[in-house]
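Colleague: Please see the structure below; I have some questions.
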Amino acid sequence: MSFRIINASCTYEREPLKTAFDFKGSALTCLWQSVVKLETEENSAIGLGVQSVLWSDSALYSKKGEEEGNRLMFSLTCYAVELLKNMEIEAPDEVISALIPELYTYAVKLTSSPSLRLTFVLNSLVPVDFALWQLWCKENGKSSFDDICTFDGVRQDKLLNIPLITYNTPLDSVKELAEGGASLLKIKIGSNPLGNDDKEAMLEWDKNRITDIHNTVSDTVTAHTESKHILYYLDANGRYDTKDRLLRLIDRADKCGFLDRIILLEEPFDEKNKLDVSDIPVCVAADESAHSVEDVEERISLGYKALALKPIAKTLSMTALMAKSAREHNMFCFCADLTVNPMMVSWNQCVASRLAPLSGMKIGVVESNGAQNYSNWDKMQRYHPLFGEAFTKCEKGIYILDNSFYTKSGGIFESSAHYKKLFEGERA
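Sequential numbering of the sequence shown, starting at 1325, is according to my numbering.
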């Protein structure tokens, strides 16, 4: 059943981070939480997003800076919201697909960036997409995430949380995470130790960093992996320039005896650097380089064997299409984070819970590093309408997905009093 948007608006909140969040050779200090409200004659919905300009387009971030980059992305969200007013909606994914070309053209002019990455546009559309899917469910009498998509069709009863190890995470903290139940560590590589983008200095720093982390957790035993060892997921965010340099990093892991513990190597090269990775002796995953089904198929042809799904960064609509293509080519899929808020963690859980485990893992996984990075995480958790239920809490590195999680779809269709309050004074 189609429906018409009669009112649409957006706002945002700034959420500070505990410390500078380092990756891609740069750092974030604050994350804007974008909020979109859409209304029909009968229903309303609020969709959330988290803006990460550094992740979505590091060149723009370098040029514009954190504050201006965020302002530009939010302007793009506002433009999309204006386009939706009085629009007749049949299917959210069709609307998102139709909006992307116009938004990209507008964004290039807005940012004065002719080579703007499409991920910047997708990131800006996340709150719009989530609000559209909520409205679609309400207007069509649907109440379950399964009415939207099923992905692999499985139902995990628990998800292992993947913590994030940034450039500055102390080894003592890494040890605490391991002893606290973390069985798969996401490790940021691609540092810029001298501040001048010296790739050799980056490589040496990365080699020492992964070795130090391995030495810190190598003896910790876990029940959630096939080997009973803690496993590693390296995230390069496109920082490597040549295969030879990357293979020298891999060689360090091999010589130190932990190559078999690296189950994912994400986005080693910039998306324009289309090197074949089929001969790299670890599972290479695509993330920022995959904006569409065509991108996924291109990455498959280059030897990529896994895909990071990010409904919380690239829209659920686009994620579902990319996941379908990935499954058809036997790629591993997993849900990565964008340091999102607790409500958005539940959207990620809804996808991750329906994915088969990664090779080497006994249970499903989902990345959520908000608790590590947000200054106000404890307060933000209480914005979740179902705060207190088992799936909203991570205990010993595990989210328990009980019957309530599936019955209530993680609370993604529930109203959050906090985010509703941001629109007080508008049309009721």
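Backbone N, C-alpha and C fix where the C-beta goes; we use that ideal spot for every residue, glycine too.
Which ranges would you report for the alpha helix (DSSP H) in the segment 1564-1610 if only whole runs of at least 4 residues count?
Modeller: DSSP runs (the alpha helix (DSSP H)) wholly in the segment 1564-1610: 1567-1579.
Colleague: Return helix, strand or coil for residue 1655, following the three-state DSSP convention.
Modeller: Three-state result, residue 1655: coil.
Colleague: Quick one: Cα of residue 1355 to Cα of residue 1575, how far?
Modeller: Looking at the two C-alpha atoms, the distance is approximately 36 angstroms.
Colleague: Could you tell me whether the Cβ atoms of residue 1393 and residue 1403 are closer together than 8 angstroms?
Modeller: Cβ distance not < 8 angstroms, so residue 1393 and residue 1403 don't count as in contact.
Colleague: Quick one: does residue 1631 have its CB under 8 angstroms from some CB of chain D?
Modeller: Reference to chain D is not applicable here, since this structure consists of a single protein chain.
Colleague: Starting from the Cα of residue 1542, find the closest Cα among 1653, 1694, 1525 and 1498 and give me that residue.
Modeller: For residue 1542, the nearest C-alpha among the options comes from 1498.
Colleague: Going by DSSP, what residues sit across from residue 1510 in a beta bridge?
Modeller: Partner(s): 1488 and 1557.
Colleague: Taking residue 1458 as the reference, which of 1735, 1745, 1748 and 1741 has the closest Cα?
Modeller: Looking at the Cα atoms, 1735 is the closest of the given residues.
Colleague: Count the other CB atoms within 10 Å of the CB of residue 1566; is the residue buried (16 or more) or exposed (fewer)?
Modeller: Answer is exposed; the Cβ neighbour count stays below 16.
Colleague: Taking buried to mean at least 16 other C-beta atoms within 10 Å of its own C-beta, is residue 1425 buried or exposed?
Modeller: With fewer than 16 Cβ atoms within 10 Å of its Cβ, residue 1425 is classed as exposed.
Colleague: Quick one: grab the DSSP three-state call for residue 1357.
Modeller: Note: residue 1357 maps to strand in three-state DSSP.
Colleague: What are the partner residues of residue 1522, as DSSP defines its beta bridges?
Modeller: Answer is none; residue 1522 lacks a bridge partner.
Colleague: In chain order, what residues of the same chain have a beta carbon less than 7 angstroms from the beta carbon of residue 1420, not counting five sequence neighbours either side?
Modeller: So the list reads 1449, 1453, 1639, 1641 and 1642, once near-sequence residues are dropped.
Colleague: Looking only at its own chain, which residues have a Cβ that is under 8 angstroms from the Cβ of residue 1602, when we skip the five neighbours before and after it?
Modeller: Around residue 1602: 1626 and 1627.
Colleague: Between residue 1619 and the rest of its own chain, which residues show a CB-CB distance below 7 angstroms, the 5 nearest in sequence each way excluded?
Modeller: The answer, listed in chain order, is 1613.
Colleague: Taking only three categories from DSSP, how would you classify residue 1340?
Modeller: Strand at residue 1340.
Colleague: Quick test of your reading: residue 1372 and residue 1693, contact by CB under 8 angstroms. State the CB separation rounded to the nearest angstrom.
Modeller: Residue 1372 to residue 1693, Cβ: 17 angstroms. No contact.
Colleague: If you reduce the DSSP assignment to three classes, tell me which class residue 1465 lands in.
Modeller: In the structure shown, residue 1465 sits in coil (DSSP, three-state: anything other than H, G, I, E or B).
Colleague: Check whether the segment 1726-1741 touches the segment 1666-1673, taking contact to mean three or more Cβ pairs, one atom from each stretch, closer than 8 angstroms.
Modeller: Contact holds: three or more Cβ-Cβ distances are below 8 angstroms.
Colleague: Let me know if residue 1549 comes out buried or exposed under the rule of 16 or more other beta-carbons within 10 Å of its beta-carbon.
Modeller: So residue 1549 ends up on the buried side.
Colleague: Report the option in 1658, 1539, 1362 and 1579 whose CA atom is closest to the CA atom of residue 1412.
Modeller: Nearest of 1658, 1539, 1362 and 1579 to residue 1412, Cα basis: 1362.
Colleague: By alpha-carbon positions, which one of 1617, 1579 and 1561 ends up nearest to residue 1595?
Modeller: Among 1617, 1579 and 1561, the Cα nearest to that of residue 1595 is on 1561.
Colleague: Are the beta-carbon atoms belonging to residue 1478 and residue 1679 less than 8 angstroms from one another?
Modeller: In this structure, residue 1679 lies closer than 8 angstroms to residue 1478 by Cβ.
Colleague: When burial is assigned at 16 or more other CB atoms within 10 Å of the CB, is residue 1751 buried or exposed?
Modeller: The predicted model places residue 1751 with a pLDDT of 47, which falls under 50 and marks its position as unreliable, so this point remains unresolved.
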